[in-house]
Each structure stands twice: as C-alpha cells, then as structure tokens.
Amino acid sequence: MDRLYSGWRLGAGPGVTPDGEPYEFMGPEPGKTLFESLEQSPLGDERTYILARRRSAFALLNVYPYTSGHVMVLPRKASPSVLDLDDESYRDLFDLVRVTGRAVQDAFRPDGMNIGLNEGRAGGGSQPDHLHVHVVPRWSADTNFMTTLAETRILPVTLSETWARLRAAWPEPLES
2 MDRLYSGWRL
12 GAGPGVTPDG
22 EPYEFMGPEP
32 GKTLFESLEQ
42 SPLGDERTYI
52 LARRRSAFAL
62 LNVYPYTSGH
72 VMVLPRKASP
82 SVLDLDDESY
92 RDLFDLVRVT
102 GRAVQDAFRP
112 DGMNIGLNEG
122 RAGGGSQPDH
132 LHVHVVPRWS
142 ADTNFMTTLA
152 ETRILPVTLS
162 ETWARLRAAW
172 PEPLES
C-alpha cells in the first residue's frame with residue numbers, strides 16, 4: 002500500500018523520520034554545522050542516511066524530501082557559498098552530483114531531475130552555513146496541488162527503502 006504523508010507535520014519529535022521510522026536524531030555539535038555533525042558521526046550510514054563519501058564531498062538523503070529519491074550533495078567542510086570552495090572541493094562536489102544523478106536515474110527511473118543549490122536564507126537555503134546541491138527526481142505527471150492546498154506531499158517510498166535502493170544502484174565503489 003502506498004503512503005500519503007506530510008512528514009514535517011507528524012510532530013513525532015527527535016528519533017523518528019518524517020515517514021515514522023526510527024533513527025538517531027542529531028543536532029549540530031558545538032563548532033560544527035548540522036551536516037558536518039552528521040557526516041562525522043560514529044553512527045552507521047543507514048542511520049544518518051549518508052549514501053556516499055568522497056575526499057571532499059558526501060551525499061545523503063534529504064529527510065524532508067520533495068519526492069522519493071531526493072538527495073543532497075555537500076562539501077565535507079562547511080562552506081556558505083560555492084564561490085568559497087577550493088578547486089578540489091568544487092570538482093569533488095560536482096562530480097559527486099553527477100554520480101548521484103546516475104544513481105537516482107538507476108534506482109527510480111524518473112523522467113527528469115531538478116538539480117540545483119540555494120545559497121543563503123534569501124536564496125532559499127534552510128541551512129545557510131553549509132551549501133548543498135539538491136538532486137530531485139521528477140516524473141512527467143508528478144505535479145499537483147497537494148503541497149499548495151493541503152500542505153501534503155505524496156511520497157510512496159520510505160526513507161530507509163530509498164536509502165537501500167540508492168545504495169544498491171550506486172555506480173561506483175562506496176567509501177566509508
């Protein structure tokens with residue numbers, strides 16, 4: 002059976018994902034961003050939803066996804082702007098965006114994807130201290146008024162199933 006849920010409204014609190022499944026809640030550690038804390042956590046990747054790591058970048062699921070398969074790709078070291086990245090971090094970040102896109106294509110077979118980043122609060126960034134590139138699968142008939150009228154998103158796949166599907170489809174060896 003498909004699920005219809007509005008994860009950000011569950012009010013389940015720390016330790017429960019938007020789809021009602023348990024996970025280890027983490028907030029930012031002192032002196033680190035939320036994403037640095039997640040990436041450096043001793044918890045397993047299946048609990049932090051980290052999909053892959055590179056020397057200077059990593060990919061993880063968005064726990065408040067726009068669609069099933071919504072991934073974020075980030076530099077390992079926090080940076081508020083793509084303009085602040087050194088050359089290695091820039092190349093690693095955008096190469097991982099491409100690899101992530103391939104995994105999303107293989108795992109979910111979307112008709113297209115939205116790939117982009119929001120910098121700063123004014124640019125739409127919810128975590129302005131740590132830039133992140135969104136890779137969002139899209140399907141030809143996936144637009145509707147549910148989000149606008151009912152503050153509800155239709156997400157037929159849980160986060161843990163999404164993580165497993167993407168890890169299985171990952172097109173290169175995975176590092177820890």
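Heads up: the sequence shown runs through residues 2 to 177, numbered per the working numbering. Cβ coordinates follow ideal geometry from the N, Cα and C atoms, glycine included. Being a predicted model, the structure only gives us computed values, none of them experimental.
Is the distance from the Cβ of residue i to the Cβ of residue j below 7 angstroms?
i    : j    : result
V136 : V105 : yes
Y50  : W164 : yes
P129 : T68  : no
L118 : L132 : yes
S161 : E120 : no
Expressed to the nearest angstrom, what Euclidean distance is found between the alpha-carbon atoms of residue i and residue j?
i    : j    : result
D85  : D93  : 14 angstroms
F59  : F36  : 10 angstroms
F95  : P31  : 28 angstroms
Q41  : S80  : 16 angstroms
R55  : E173 : 11 angstroms
R110 : E47  : 22 angstroms
I116 : V134 : 7 angstroms
Please state the DSSP three-state secondary structure of residue i.
i    : result
L35  : helix
V136 : strand
V98  : helix
L75  : strand
S7   : Low confidence applies to S7: its pLDDT is 46, below 50, so where it sits in the model is not reliable, and the reading given next is rough at best. DSSP places S7 in coil when its eight states are reduced to three.
P54  : This sequence places Arg at residue 54; Pro is not what is there. R54 falls in the strand class under three-state DSSP.
A123 : coil
Going by Cα to Cα distance, which pick from the options is closest to residue i?
i    : options             : result
G113 : D107, A169 and W140 : W140
Y91  : P76, S38 and P43    : P76
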